Every structure is written in structure tokens, then in C-alpha cells.
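Participant: Add 128 to the 1-based position in the sequence shown for our numbering, that's all there is to it. C-beta atoms are modelled at their ideal positions from N, C-alpha and C, and glycine is treated no differently. Everything numeric in this text was worked out from a predicted model, so none of it was measured.
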Amino acid sequence: MRKSFYLEKYLMDNDILTKDQALDLMVERIKKGPIFEEVALKMNFIDQHSLLQILKLKYHFKGLSAEEIALHNKMIDKEQMEKIKDEILEHLPRAETILEKSSKVDQKVLEEAVKKTDGRVDEIEKRGIDLKRLQTFSKLSQRDLFDLADLAVCKSFGKGEKIIEDGDQADHFYFLSKGDVKVTKPNEDPEKPDIFITTISSPEIFGESSIFEEEKRKAHVVSENDVEVYQFDRMDFLAFLNSHLEASLPILLDIVQRLLKRIGDTNRELAFERKDFVDQSSVDDLLEQLLP
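1. What separation, rounded to the nearest whole angstrom, lies between the Cα atoms of Pro314 and Asp322?
2. Which one of Val167, Gly295, Leu217, Asn201 has the shortest CA to CA distance from Leu154?
3. Who are the Cβ neighbours of Leu259 in its own chain at under 7 angstroms, not counting the five residues just before and after it?
4. Hey, could you find the ends of the alpha helix (DSSP H) Asp275 is sitting in?
5. If we ignore side chains and look at the alpha-carbon of each, how far apart do Lys137 and Val281 end up?
6. Do the CB positions of Lys389 and Val350 come within less than 7 angstroms of each other?
7. Could you pull the start and end residues of the beta strand (DSSP E) that Ile291 belongs to?
8. Tell me whether Leu304 sits in a helix, a strand or coil according to DSSP, three-state version.
9. On the criterion of 16 or more Cβ atoms from any shown chain inside 10 Å, does Thr245 qualify as buried, or is it exposed?
10. Per DSSP, what are the beta-bridge partners of Val249 in this structure?
11. Secondary structure at His177, three-state DSSP: helix, strand or coil?
12. Is the CB-CB distance between Glu356 and Lys287 below 7 angstroms?
13. Drop a sphere of 10 angstroms on the beta-carbon of Phe164, count the other beta-carbons inside from all chains shown, and report buried for 16 or more, exposed for fewer.
14. Suppose the cutoff is 6 angstroms on Cβ atoms and the five residues either side in sequence are ignored; what does the same chain contact list for Ser371 look like?
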């Protein structure tokens with residue numbers, strides 16, 4: 129849900145407003161907000177001459193919006209269009225200002241809703257800043273970053289706690305916000321310690337192979353110290369990629385590169401383990417499981 133319409137979502141989810149009432153509120157806010165031509169001019173993406181052209185074309189082609197005309201005639205590019213949209217959404221009149229003048233929502237109920245949604249938006253924006261520390265998400269627009277951060281479930285783990293267990297269903301991945309985790313594989317001989325694979329430190333993602341296919345986990349991930357993670361559900365993340373197509377390709381390319389690097393690191397770690405307590409056949413079996 130877009131940050132600009134978070135209050136409407138809350139009111140609708142809690143049956144304070146109907147879906148139609150929430151949509152009407154959104155439309156009213158957009159109508160009272162800044163218009164495309166005004167914002168594009170203010171941001172110096174178009175000049176007075178281009179503005180005049182847009183207005184003339186709008187008059188002759190009444191079915192086209194100013195945005196469509198500007199894009200079609202290459203007066204602005206897609207990146208500029210996204211920035212204009214963000215600016216428009218950022219400066220819409222606040223929903224509570226409009227609701228205060230109506231009798232649709234009780235004043236005390238509205239005040240509580242505003243308090244909760246403002247707190248939630250602040251929390252999501254802080255998560256977005258955290259996610260941007262990682263190269264994978266560093267190029268996302270503020271709007272895309274907010275939508276991604278909104279999907280995250282925050283979890284904390286103490287030293288020695290298992291975050292992922294070998295054999296679990298792989299239906300989500302993690303962003304490591306704070307701390308370090310180690311990745312190990314259970315030894316076939318229960319009398320021997322787990323096979324160490326690698327250590328991962330924040331900021332980083334792990335468990336990301338679950339994005340590409342549904343499978344069972346092939347290793348343990350254990351916290352080395354106090355750890356904080358953001359958990360992302362696989363289906364929610366895939367839906368995000370599908371609805372944010374321009375952001376999806378660089379995200380997926382970066383994740384694939386990270387997986388390939390991690391495979392290389394795993395090979396080196398396991399080669400070292402051959403000299404220790406794991407025999408050749410155990411390592412070969414493990415490689416086959418880790419590199420399907």
C-alpha cells in the first residue's frame with residue numbers, strides 16, 4: 129500500500145470506512161492535490177513552451193492526459209515521470225483533514241487511526257533506510273523502497289538460536305539487519321559436529337534461493353550474537369517484483385550474483401573441510417545437495 133494512502137487502508141481494514149468510501153476519499157485527495165503540469169514545471173522537467181504545447185494537445189485530444197502527452201512526445205522520460213508522481217503523492221492534502229470536515233468517522237476514532245498509521249509509516253521508512261544499506265536495494269526509488277519495507281516482518285534472535293533449520297520449508301528469505309549468523313550442515317554422523325559452511329554479517333540477505341523455487345532448506349542458519357532480521361514471504365516478494373517491474377530486474381540480477389558468489393565461497397569452505405572431519409563422499413554428497 130502506498131504511503132500516501134495508508135490511513136485509508138487502515139480505516140478500510142478495520143471496517144471504519146467501506147471500500148467505496150475509502151476510494152472516494154483517495155479520489156477527493158487527488159483532485160485537491162497538485163496537478164502534473166504544475167509539478168513538472170516546478171521541478172524544471174518542462175519549460176513554459178512545453179507546457180503550452182501540452183495544453184494545446186490536451187484541447188485537441190480530449191481523451192489523453194497531460195502525462196500521456198508529455199511521455200508520448202518525449203518531453204519527459206519515465207524516470208522523471210516517477211519523480212513527478214512521487215512529488216504529487218507527497219503533497220496531497222492529508223486524509224484526516226478531509227475526514228474532519230465530514231461525519232463519516234468519529235473524531236476520537238480518527239485520532240487513534242492517525243496515531244497508529246503515522247507510527248507505522250515512520251517504522252516502515254526506517255526499515256527502508258536499513259534495506260538501502262544493501263547493494264541489492266540501494267537503487268530503489270523511495271516509493272518502491274517503502275512498498276518493499278512494508279512487506280518485512282521484524283524478528284530478533286539471541287546468540288545460538290536457529291533462524292533456519294535444515295529440512296524446513298523454504299517459503300521466505302531474510303535481510304540481516306544486525307549481527308552475524310553462521311551457516312552449517314548437519315553431519316551424517318550425529319557424534320560429530322555440524323559442518324561449517326560460512327559466516328554472514330549484516331547488512332546481507334540469506335535464504336534467498338527460496339525466491340526461485342520452493343524447496344526444503346539445506347542447511348542450518350544460527351545466530352552468532354544478538355541478531356535482527358527482516359523476514360520476507362516468498363509469495364509477497366514475488367508479487368512485489370511483478371508490480372514493480374522496473375525495480376525487479378536489477379534486484380534479481382544482484383541476488384543471482386550473490387548466490388553465485390556464495391556457491392564459490394561454499395566450495396572453498398567445503399574443500400577445506402575435506403582435510404578435517406568430513407570424508408570425501410560426505411563432501412561430495414553435500415555439494416550435490418547444495419548445488420542442484
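Facilitator: According to the structure data:
1. Taken atom to atom, the span from the alpha-carbon of Pro314 to that of Asp322 is near 5 angstroms.
2. Reading off the sequence, residue 154 comes out as Met, not Leu. Closest option to Met154, Cα to Cα, is Leu217.
3. Answer for Leu259: Phe265, Leu273, Leu276, Ala277, Phe303, listed in chain order.
4. Its alpha helix (DSSP H) spans residues 270 to 277.
5. One C-alpha to the other measures close to 18 angstroms.
6. Contact: no.
7. Start and end: 290 to 292.
8. Strand, per DSSP.
9. So Thr245 ends up on the buried side.
10. Note: Val249 sits in no beta bridge, so no partner.
11. Of the three classes helix, strand and coil, the one that applies to His177 here is helix, per DSSP.
12. No, the Cβ-Cβ distance between Glu356 and Lys287 is not below 7 angstroms.
13. By the neighbour-count rule (16 or more Cβ atoms within 10 Å), Phe164 is buried.
14. So no residue of the chain qualifies.
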